[in-house]
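Input: a single structure, listed below in structure tokens.
Numbering (our numbering), first residue to last: 231 to 488.
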């Protein structure tokens, strides 16, 4: 798993992002129900925001969060209230450091877009789920780049980034197929369109500016320093044009272990 936005400020950005309506965490996981004694793993838990919320909602269940970044786990532990019993552990998602058949639920929220081999990771999730256990995968399709109109120059930079960056910004549409190939059964999916206008656009623009700043080293590898700066200027200029449209499609996909 390669994370483009690896930075000490990323935890703060994730916490701020969760306050926006397009990133409605409670709505994304409303179908999860954990009975006392059952267990859930938060895959690629990042700042631990979702883990904390699920432990608050299901205090008698076991909530565990894993991530491949020591920095993000340290941030997650620092943000954990003393009364919250979430267990965080370091592990790559390609080889989750836990026993087979352990969890009733697994959640991957905005995670599959960062995976080099999403099918292999989904198979590993299948291993750690109990028979009948469920994986909920949530990811956007078209994040940042469902923008219109864009100039030929900006489109060329966009295509260069899509090819070179270790992130799939159109992963949403692929999730049902990924889970099927990994061996999940009874796959169900839904998609929501989120448009950004007025105050919502202003808020998303602020998040985008943070993303671009935190991803600067990765952008510079592809476009060069001057090119990355030019991309930021052109993108934000296009985003601010009268009549510009920005929207994301959010996929929620549920698969069951047979």
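A virtual CB, placed ideally from N, CA and C, is assigned to each residue, including glycine.
Distance between residue 368 and residue 410 (C-alpha atoms, nearest Å): Stepping through the chain shown from its first residue, residue 410 is reached at position 180. Stepping through the chain shown from its first residue, residue 368 is reached at position 138. Their Cα atoms are separated by approximately 15 Å.
Along the chain, where does the beta strand (DSSP E) containing residue 294 start, and where does it finish? Position 64 of the chain shown holds residue 294. Looking at the DSSP string, the run of the beta strand (DSSP E) that includes residue 294 is 292 to 297.
What span of residues does the alpha helix (DSSP H) with residue 369 cover, start to end? Along the chain shown, one-based indexing puts residue 369 at 139. That residue, residue 369, is in no alpha helix (DSSP H); its beta strand (DSSP E) goes 359 to 371.
Give the range of the beta strand (DSSP E) segment to which residue 417 is assigned. Reading the chain shown from its first residue, position 187 is the one you call residue 417. Element bounds for residue 417: 415 to 425.
Segment contact, 8 Å Cβ cut-off, at least three pairs: the stretch 441 to 455 with the stretch 349 to 358: Proximity of the stretch 441 to 455 to the stretch 349 to 358 falls short of the contact definition, fewer than three beta-carbon pairs being nearer than 8 Å.
Cutting at 6 Å between CB atoms, please list the residues of its own chain near residue 403, excluding the five before and the five after it. For the purposes of this step, residue 403 is taken as residue 173 along the chain shown, with counting starting at 1. Only residues of its own chain outside the window of five on either side were considered, and among them 371 have a CB closer than 6 Å to the CB of residue 403, listed in chain order.
Let me know the secondary structure DSSP gives residue 380 once reduced to three states. Translated into the one-based positions of the chain shown, residue 380 becomes position 150. Secondary structure of residue 380 (DSSP, three-state): coil.
Got a sec, what are the start and stop residues for the alpha helix (DSSP H) residue 467 sits in? Within the chain shown, residue 467 is the residue found at index 237, counting from 1. It spans 446 to 469 - the alpha helix (DSSP H) in which residue 467 sits, taken as one unbroken run.
Give the secondary structure of residue 324 by DSSP, where H, G and I count as helix, E and B as strand, and everything else as coil. Residue numbering aside, residue 324 sits at position 94 when the chain shown is read from its first letter. Of the three classes helix, strand and coil, the one that applies to residue 324 here is coil, per DSSP.
Can you give the Cα-Cα distance for residue 431 and residue 421, rounded to whole angstroms? Within the chain shown, the letter at position 201 stands for residue 431. Within the chain shown, the letter at position 191 stands for residue 421. A direct Cα-Cα distance of roughly 20 Å separates residue 431 from residue 421.
Under the three-state reduction of DSSP, which class applies to residue 313: helix, strand or coil? As a first step, residue 313 must be located in the chain shown, where it is residue number 83. DSSP places residue 313 in coil when its eight states are reduced to three.
Considering only C-alpha positions, which residue in the set 326, 358, 364 is nearest to residue 418? One-based indexing of the chain shown puts residue 418 at position 188. When only C-alpha atoms are compared, the closest one is 364.
Under the rule that 16 or more other beta-carbon atoms within 10 Å means buried, what is residue 334, buried or exposed? One-based indexing of the chain shown puts residue 334 at position 104. Residue 334 sits buried, since 16 or more C-beta atoms from the chains shown fall within 10 Å of its C-beta.
The stretch 263 to 282 contacting the stretch 336 to 350, beta-carbon criterion three pairs below 8 Å: The count of Cβ pairs closer than 8 Å, one atom from the stretch 263 to 282 and one from the stretch 336 to 350, reaches three, so the stretches are in contact.
Over what stretch of residues does the alpha helix (DSSP H) that includes residue 409 continue unbroken? Position 179 of the chain shown holds residue 409. For residue 409, the enclosing alpha helix (DSSP H) covers residues 405 to 412.
N-terminal and C-terminal residue of the alpha helix (DSSP H) that residue 269 is part of: Translated into the one-based positions of the chain shown, residue 269 becomes position 39. First-last for residue 269: 269 to 273, but that is the beta strand (DSSP E), not the alpha helix (DSSP H).
What's the call for residue 455, buried or exposed, on a 16-neighbour Cβ count within 10 Å? If you number the chain shown from 1, residue 455 lands on position 225. Residue 455 counts as exposed, since fewer than 16 other beta carbons sit within 10 angstroms of its beta carbon.
According to the Cβ coordinates, are residue 293 and residue 303 closer than 7 Å? Translated into the one-based positions of the chain shown, residue 293 becomes position 63. Translated into the one-based positions of the chain shown, residue 303 becomes position 73. With contacts defined as CB atoms closer than 7 Å, residue 293 and residue 303 fail to qualify as a contacting pair.
Among 423, 282, 470, 344, which has the Cα closest to the Cα of residue 435? Translated into positions along the chain shown, residue 435 becomes position 205. Closest option to residue 435, judged by alpha-carbon separation, among 423, 282, 470, 344: 470.
I need the straight-line Cα distance from residue 204 to residue 270, nearest angstrom please. The question about residue 204 has no answer, for the chain in this structure spans 231 to 488.
Pick from 480, 439, 479: whose alpha carbon is nearest that of residue 464? Locating residue 464 in the chain shown gives position 234, counting from the first residue. For the residues 480, 439, 479, the minimum Cα distance to residue 464 belongs to 439.
May I ask you to report which of helix, strand or coil DSSP gives residue 338? Residue numbering aside, residue 338 sits at position 108 when the chain shown is read from its first letter. DSSP places residue 338 within a strand segment (E or B) once states are collapsed to three.
C-beta contact flag for residue 433 and residue 250 at 7 Å: In the chain shown, counting from the first residue as 1, residue 433 sits at position 203. In the chain shown, counting from the first residue as 1, residue 250 sits at position 20. In terms of Cβ geometry, residue 433 and residue 250 form a close pair [threshold 7 Å].
Are the beta-carbon atoms belonging to residue 384 and residue 426 less than 7 Å from one another? For the purposes of this step, residue 384 is taken as residue 154 along the chain shown, with counting starting at 1. For the purposes of this step, residue 426 is taken as residue 196 along the chain shown, with counting starting at 1. With respect to the 7 Å criterion, residue 384 and residue 426 are not classified as neighbours on the basis of their beta carbons.
For residue 435, write down the residues that DSSP places opposite it in a beta bridge. In the chain shown, residue 435 corresponds to position 205, counting from 1. Answer is none; residue 435 lacks a bridge partner.
Excluding the 5 residues flanking residue 483 on each side, which residues of the same chain have their C-beta closer than 7 Å to its C-beta? What you label residue 483 is simply residue 253 of the chain shown in a count that begins at 1. Here the set comprises 367, 405, 406, 409, 417, 419.
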